[in-house]
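Have a look at the structure below, then the notes.
Residue numbers (the numbering used here), protein chains in the order written: chain A, 830 to 1075; chain B, 7 to 257.
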């Protein structure tokens, strides 16, 4: 479904991606793990065409995204949904208006139908009764759930999640992970999840890609990752520092 | 610094072309546009009324203090009216709008960029130029001439109040001389300038907002730069446009 070929990107003189090659299969949940500042979010933004690479290509169902301009990307982006790290809810709109935004913008639906779908989405993400609140009055977890509802309400074919459980308590992280797994299963969505929450990664992933030093270091199943004796994978999985910072 | 200015000028030109292309190729988002017209046009009226009114009043008083000694008190009317229409109205109004509207646009867009709301719009298949930039651009460009016209009118009205009831100039002569020496082209020149100043304020505000640095400092700098740069460009361009428009519409 998505193919990444030799992707390079530098930001402010620093090489972030150094030749990423990756293939995402239709219907799978691929989790991208890696150290903080390792370029996971940058990679995700390239997959959605939100950033232009210095070199390399991103192919989506036979279309080279890197050759398209902003307007040519619009039909493809309608098949995609993205949950940003901090939600990126529009702060001038209520939660309900945020969630309704893709429906209002893309689909010619009656107001009643939009309201029904928003109410259903709020119920699924556990935010019933919070629809009229402004994003500024929501907690971090609620923002992420509202963002998830906004991204998924248009029933995209592929969902991108940028650190969906970062900064949340373990219970909330688990509920978000279950929500992602449920959405992927019920709506047959392909999902690409960027995280360094290993519990969540092993819970939802069909395959896990490790981004290390700007390249895909390993691509394997959660079981293979758990059994791996590779020092880089082992240290990351078990959170072992080799004293690089101290 | 020179390279930076050349690059910024190029970016502003491309931004302008993109907005104009969107204006003619995509439907206008009326709800967004009207919301911006309300914020830029209606909500700016108070400061424009105060600015125009008190500028006209104080200019009239100072002019009268001198003209009265020369026995030319009734000449104050045309002097103030022409100055309000050609220079004071457009320039002071533009400076106030650069501070209020330009900086607000820059602050809003830079915050949206910082919090990934611009990326979220793009990810939801809605181009920011269509949803955010065009409504703001059109609202500023259309509101500025209307606000300048208001500023001119209130400035002239304040001038009459100061001159006639307060400083006891003969009202009939005052109005007569004003209408005799003030021409429709004086108003036209002011409104042409207003359109250009509106364009400058909108483009500078949008450009600074979209190119803000990271963090609170970046938002602060973008906001300040939008107001300061737009004000400077308005003042400098006003000098050249005054000569150009005077050549096109000679006094």
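Even glycine gets a Cβ: it sits at the ideal position worked out from N, Cα and C.
Against chain A, the CB of residue 119 of chain B has no partner CB under 8 Å away; the residue lies outside that interface. Here the stretch 928-945 of chain A makes contact with the stretch 123-132 of chain B; the two share three or more CB pairs at distances below 8 Å. Taken through DSSP and simplified to helix, strand or coil, residue 836 of chain A comes out as strand. Between residue 1022 of chain A and residue 1005 of chain A, the gap from beta carbon to beta carbon reaches 8 Å or more.
In this structure, residue 915 of chain A lies near residue 972 of chain A, with their beta-carbon atoms less than 8 Å apart. Excluding five sequence positions before and after residue 907 of chain A, the CB atoms of its chain that fall closer than 8 Å to its own CB belong to 935, 983 and 985, given in chain order. Listed in chain order, the alpha helix (DSSP H) runs fully inside the stretch 840-914 of chain A are 869-876 and 899-906, counting runs of at least 4 residues. Apart from sequence neighbours up to five positions away, the residues of its chain that approach residue 991 of chain A with a beta-carbon distance below 6 Å are 870, 873, 913, 914 and 1023, ordered along the chain. Excluding its 5 nearest sequence neighbours in each direction, residue 197 of chain B has C-beta neighbours in its own chain below 6 Å: 151, listed in chain order.
Within the stretch 23-47 of chain B, not one residue has a Cβ closer than 8 Å to any Cβ of chain A.
Annotation for residue 854 of chain A: 830 place their beta carbon closer than 7 Å to its own, counting only its chain and skipping 5 residues before and after. Taking a Cβ-Cβ threshold of 8 Å, none of the residues of chain B is close to residue 1039 of chain A; the smallest such distance is about 25 Å. The alpha helix (DSSP H) runs lying completely inside the stretch 167-243 of chain B and spanning 4 residues or more are 177-187 and 190-216, given in chain order. Restricting attention to beta strand (DSSP E) runs no shorter than 3 residues, the stretch 1028-1054 of chain A encloses them at 1036-1041 and 1044-1049, ordered along the chain. Residue 25 of chain B and residue 191 of chain B have their C-alpha atoms some 30 Å from each other. Look at the stretch 1006-1035 of chain A: it has no residue with a C-beta under 7 Å from a C-beta of chain B. Across the stretch 118-142 of chain B, CB contacts with chain A closer than 7 Å involve 121, 122, 123, 125, 126, 128, 129, 130, 131, 132 and 133, in sequence order along the chain. Contact annotation: in the stretch 934-958 of chain A, residues whose CB is within less than 8 Å of a CB in chain B are 934 and 935.
The CB of residue 898 of chain A never comes closer than 8 Å to any CB in chain B; the least such distance is about 10 Å. Rounded to whole angstroms, the separation of the alpha carbons of residue 98 of chain B and residue 897 of chain A is 45 Å. Here the alpha carbon of residue 41 of chain B sits roughly 28 Å from the alpha carbon of residue 161 of chain B.
Among the CB atoms of chain B, none fall inside 8 Å of the CB of residue 986 of chain A.
Burial is judged here by how many other beta carbons sit within 10 angstroms of a residue's own beta carbon; residue 893 of chain A has fewer than 16 and is exposed. In terms of beta-carbon proximity, residue 982 of chain A stays away from the interface with chain B, with every pair separated by 8 Å or more.
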